[in-house]
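Numbering-wise (our numbering), the sequence shown opens with residue 61 and increments by one.
For every residue, glycine included, the Cβ atom is placed at its ideal position computed from N, Cα and C.
Bear in mind that the values here come from a model prediction, so they are computed numbers and not experimental data.
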Amino acid sequence: MLDAAQIAGWNCLRLLNETTAVALCYGIYKADLPEQTEKPRLVAFVDMGYTTLQASIVAFNKGKLKMVATACDPLLGGRDFDHLILDAMRDDYQKRYKLDSYSTTKAKLRLKAECEKAKKLMSSNVQPIPIGLECFLNDMDVNGKMSRADFEELTKPLLERMRNTIENLLKEA
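1) Got a sec? Which residues, its chain only, sit under 6 Å from L159 by beta carbon, not counting five neighbours each side?
2) Mind checking D199: buried by the 16 CB within 10 Å criterion, or exposed?
3) Our contact map puts F84 next to C72 with C-beta atoms below 8 Å; I'd like the distance itself, whole angstroms only.
4) Expressed to the nearest angstrom, what Euclidean distance is found between the alpha-carbon atoms of M182 and L171?
5) Going by the beta-carbon positions, is the gap between A148 and L214 smaller than 7 Å?
6) Name the DSSP beta bridge partners of P190, please?
7) Which term fits K179, buried or exposed, when burial requires 16 or more other beta carbons within 10 angstroms of its beta carbon?
8) Mapping DSSP to helix, strand and coil, what is Q66?
9) Span of the alpha helix (DSSP H) holding K155?
10) I'd like to know whether the C-beta atoms of P188 and S207 end up nearer to each other than 7 Å.
11) Please look up how many angstroms separate the CB atoms of T111 and C132, rounded, as I've assumed it's under 8 Å.
12) Closest to G123 by CA distance: which of L144, A129, K155 and E98 is it?
13) Can you give me the C-alpha to C-alpha distance between R223 and V106, rounded to a whole angstrom?
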């Protein structure tokens, strides 16, 4: 990374990981942080990426930040939630329509995109989210749905891993 910056003609002073960069951005614009002589404000940052979960607790004073604790699960991300929805819908479509959603790459990718969209909609809706595709396989329209409660039940093991990562972070802090 430093070599790439040098080739581009940049004077790179330091590399930061994502959570440190987010904390720095947060602290720069906060006008109400405690003075240097006061007790620092502790703030938690949680980054659930596509492949990795990262979390940090940062202590802030005016003009200063200190990373207090960091925890991560490098094998837990949004894609894991997507795959569980995808597998559940595949099973549902197999039972109801006798279609194998994984029989062609195109079908699997179309269903995956629809499942990712449903996951995002479930974060802000309690109503069941429709997961359907027109002319899916053999020119057949398929329809399914998933509620947030079903999603939470389906992803319980992943949510537990997330909880464990956050608890480890809090213990470290």
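This is what the structure holds:
1) For the purposes of this step, residue 159 is taken as the residue at position 99 of the sequence shown. Counting only Cβ-Cβ distances below 6 Å, and skipping sequence neighbours, we find Y153 and L197.
2) Here residue 199 refers to the residue found at position 139 when the sequence shown is read from its first residue. Only exposed fits D199, as fewer than 16 other CB atoms lie within 10 angstroms of its CB.
3) Residue 84 sits at position 24 when you count from the first residue of the sequence shown. Residue 72 sits at position 12 when you count from the first residue of the sequence shown. It is worth fixing the name first, because residue 84 is Leu in this sequence and not Phe. With a Cβ gap of about 15 Å, L84 and C72 do not count as contacting.
4) For this step, residue 182 is matched to residue 122 along the sequence shown. For this step, residue 171 is matched to residue 111 along the sequence shown. So the two alpha carbons sit approximately 16 Å from each other.
5) Taking the sequence shown and counting its residues from 1, one reaches residue 148 at position 88. Taking the sequence shown and counting its residues from 1, one reaches residue 214 at position 154. If you check the CB distance, A148 and L214 come in under 7 Å.
6) On the sequence shown, position 130 is the one that residue 190 refers to. Looking at the DSSP output, P190 shares a beta bridge with K205.
7) The count along the sequence shown starts at 1 and reaches residue 179 at position 119. By the beta-carbon neighbour count (other beta carbons within 10 angstroms, threshold 16), K179 is buried.
8) If you number the sequence shown from 1, residue 66 lands on position 6. The answer is helix: DSSP assigns Q66 an H, G or I state.
9) On the sequence shown, residue 155 is found 95 positions in, with the first residue counted as 1. Element bounds for K155: G138 to Y157.
10) Stepping through the sequence shown from its first residue, residue 188 is reached at position 128. Stepping through the sequence shown from its first residue, residue 207 is reached at position 147. Against a cut-off of 7 Å, the Cβ pair of S207 and P188 comes out as a contact.
11) Against the sequence shown, residue 111 aligns to sequence position 51. Against the sequence shown, residue 132 aligns to sequence position 72. Between T111 and C132 the beta-carbon gap is near 11 Å, outside 8 Å, which marks them as no contact.
12) The residue labelled residue 123 in the question sits at position 63 within the sequence shown. The option with the nearest alpha carbon to G123 is E98.
13) Reading the sequence shown from its first residue, position 163 is the one you call residue 223. Reading the sequence shown from its first residue, position 46 is the one you call residue 106. Between the alpha carbons of R223 and V106 lies a distance of about 11 Å.
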